[in-house]
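Numbering (UniProt numbering), first residue to last: 1 to 755.
Following: one structure in structure tokens, then a few remarks.
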């Protein structure tokens, strides 16, 4: 990594007063106790007394002495001077006197401050190495943490370059160790296979690496097969046999993230150990991810089939409802005649029946038999029509993935059914119904798997059973009654839980860190009391709140909130809005981005994927700004092209997008914007950043992807009506954070609660 990773602004802020300390900071760092006042008043003259006190409080706050001790905010000088009975005027000329060096020595000896020497360098290097190895913090974050650690340990801060080089050197040693350990994991044959991933076959256009990292998009039976083939190919790399436990998972994920984003050519140009480590991390993380995506395609496909079947069933129901009503009326009329005959003891039922139009009654009974559904019948008949689609991929799904149920009894029944479906192709004789696992079958599926009438009465319907198993497998996967061990989304939700001796060893420490009692009963009773009190408070408030009511709909309670009355906008607000709008200049979006860069230097964060920093091209900032604008406005590169500027040529823009725009550069650039924004005076007037509101934007996704989902309320109806919700938080300082993308189907509140 580069040695100089700090920006000019960060260097200038190091060991300096960047803002005026607030009241809490003044009280914590600049208060003089009796001992400090005695030390200060022991100096000769008011100037030295105030200067010594300021140096003492400054080193507490900053962790270092200032070259000019008088470069202190006026509020700090006044606060310290008032405690000594002096004024700020007494400080004049103190920074020019040699006595300030004697005062620094006195403070170090009296309060135990240590100079940053070789021993401290070694201890800080060990700490930084351990922290870098176990985590994956950005160098600037690690730099700030190291600064705080030195301040807390009363070790005077070294020069900014010294600390910057220490952090850079430690991170480089950590990276080299990581590359060495990961590159040693595969066998020679596996190394050859991995190295071939970045090569483009003769006559081809993309590498195998590009093919593997492209997620499936085809939601169909054929798409499930393709996703399973992709997983099987990735699994053949042998990543599951590697022992990577010596490398923290976070570092492996970070390295794999680079492999997924960078061009195959960029990966091929890496040094040997780094290239192999990158490919190892890529294979190790992609194997479970590919399995997750294969199960995701299965889940989406079965969901589509169920929704389509339900829609077709409803349409068929609506088309036939008149025929069913007419037949029901005929049968009612016939039955009423029979009932009336029972009232007359002398009447002959056979005569009544003989007078009926029996052919009409028979047709009505046949119509009711054909159209009427059992109360527990949903869309099984329509879903059965897609049995051929399910047979196309379900056997391969069961052969490729290993499903388990853990401790779930309901999951055990589904696993038994999966094992039975696996055995069906090998069965050449009639299936004995008594050996078929049926505990998971609903009554509706039971009637179809073992029909009691028709041509297949008394026999086992293999197609119906296969469809029922596929439907229940999806349901069980979503409930986590069944899972695929080792996966992230579709894996065992209890896999990360501590149990037995491991839990006993960690319980006291974890409970202490979380502020919980080691025995669960104590906290459970306390939480139960709080919940009960909250419910009672809510119930009392509902009774007295005219804006809230509970309505009964279809046998269920619904909470209804009355809408708020609109408030009229005052004339002052209208005038303010017009005044602000008149002051906002009309400029092009790219010009705004370049202007903001001139304030913050945020575009300097976009470095070449090969590690060049800063860029060797003088006009690279213009190219980066153009690419960011094209992506933000979703207009593509061509509207950004200008033949008069090399920086805006089409080839340069595509090259810039591929080599400069990635998550690892967007993140620090955004951080620079937020940091600059937070230091504006007007932002402090808006709020302290502790409050935030959340809202989302819904987008229809026109391309095929497994990350979008259907939602008829927002994305319309039809096979291709899918979308996502972009959920974002906005603080009271008007900064956005924690933006996440939610597929179209799940409830937003549920997804947010799981985050």
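Virtual Cβ for every residue (Gly too), placed ideally from N, Cα, C.
It should be emphasised that the depicted structure is a prediction, and the values quoted were computed from it without experimental measurement.
DSSP beta-bridge partners for residue i?
| i | result |
| --- | --- |
| residue 549 | 560 |
| residue 727 | 696 and 740 |
| residue 709 | 723 |
| residue 298 | Residue 298 pairs with nothing; no bridge assigned. |
| residue 155 | 114 |
Which residue's Cα is closest to the Cα of residue i: the options?
| i | options | result |
| --- | --- | --- |
| residue 110 | 53, 73 and 321 | 53 |
| residue 304 | 729, 717 and 738 | 717 |
| residue 173 | 133, 220 and 123 | 133 |
| residue 572 | 580, 565 and 566 | 580 |
| residue 492 | 500, 481 and 731 | 481 |
| residue 359 | 330, 385 and 392 | 330 |
| residue 595 | 582, 606 and 622 | 622 |
| residue 25 | 96, 57 and 42 | 57 |
| residue 256 | 338, 217, 276 and 534 | 276 |
| residue 61 | 150, 231 and 34 | 150 |
| residue 392 | 77, 604, 726 and 222 | 222 |
| residue 264 | 606, 279, 252 and 510 | 279 |
| residue 45 | 86, 9 and 262 | 86 |
| residue 367 | 403, 353, 386 and 325 | 325 |
| residue 258 | 562, 660 and 671 | 660 |
| residue 633 | 37, 588, 662 and 658 | 588 |
| residue 590 | 254, 229 and 639 | 639 |
| residue 683 | 203, 733 and 80 | 733 |
Check whether the Cβ atoms of residue i and residue j sit closer than 9 angstroms, and answer yes or no.
| i | j | result |
| --- | --- | --- |
| residue 449 | residue 464 | yes |
| residue 47 | residue 92 | yes |
| residue 68 | residue 183 | no |
| residue 6 | residue 137 | no |
| residue 418 | residue 295 | no |
| residue 422 | residue 401 | no |
| residue 307 | residue 743 | no |
| residue 735 | residue 641 | no |
| residue 327 | residue 378 | no |
| residue 731 | residue 689 | yes |
| residue 625 | residue 608 | no |
| residue 390 | residue 467 | yes |
| residue 51 | residue 94 | yes |
| residue 644 | residue 619 | no |
| residue 219 | residue 700 | no |
| residue 242 | residue 185 | yes |
| residue 629 | residue 676 | no |
| residue 287 | residue 234 | yes |
In three-state DSSP terms, what is residue i?
| i | result |
| --- | --- |
| residue 452 | coil |
| residue 243 | coil |
| residue 114 | strand |
| residue 404 | strand |
| residue 715 | helix |
| residue 126 | helix |
| residue 483 | strand |
| residue 248 | coil |
| residue 504 | helix |
| residue 276 | helix |
| residue 270 | coil |
| residue 393 | helix |
| residue 5 | coil |
| residue 227 | helix |
| residue 499 | coil |
| residue 356 | coil |
| residue 773 | This structure cannot settle anything about residue 773, because the visible part of the chain is limited to 1 through 755. |
| residue 384 | helix |
| residue 598 | helix |
| residue 423 | helix |
| residue 643 | coil |
| residue 490 | coil |
| residue 525 | helix |
Could you round the C-beta distance between residue i and residue j to whole angstroms and report it? I think they count as a contact, below 8 angstroms.
| i | j | result |
| --- | --- | --- |
| residue 289 | residue 194 | In fact, because the Cβ distance is near 17 angstroms, the residues do not count as touching under 8 angstroms. |
| residue 55 | residue 107 | 6 angstroms |
| residue 125 | residue 170 | 6 angstroms |
| residue 155 | residue 128 | At roughly 14 angstroms, the Cβ-Cβ gap does not stay under 8 angstroms, so residue 155 and residue 128 are not in contact. |
| residue 65 | residue 72 | About 11 angstroms; that fails the 8 angstroms criterion. |
Using a beta-carbon distance below 9 angstroms, is residue i in contact with chain D?
| i | result |
| --- | --- |
| residue 261 | The structure shown contains no chain D; it is built from a single protein chain. |
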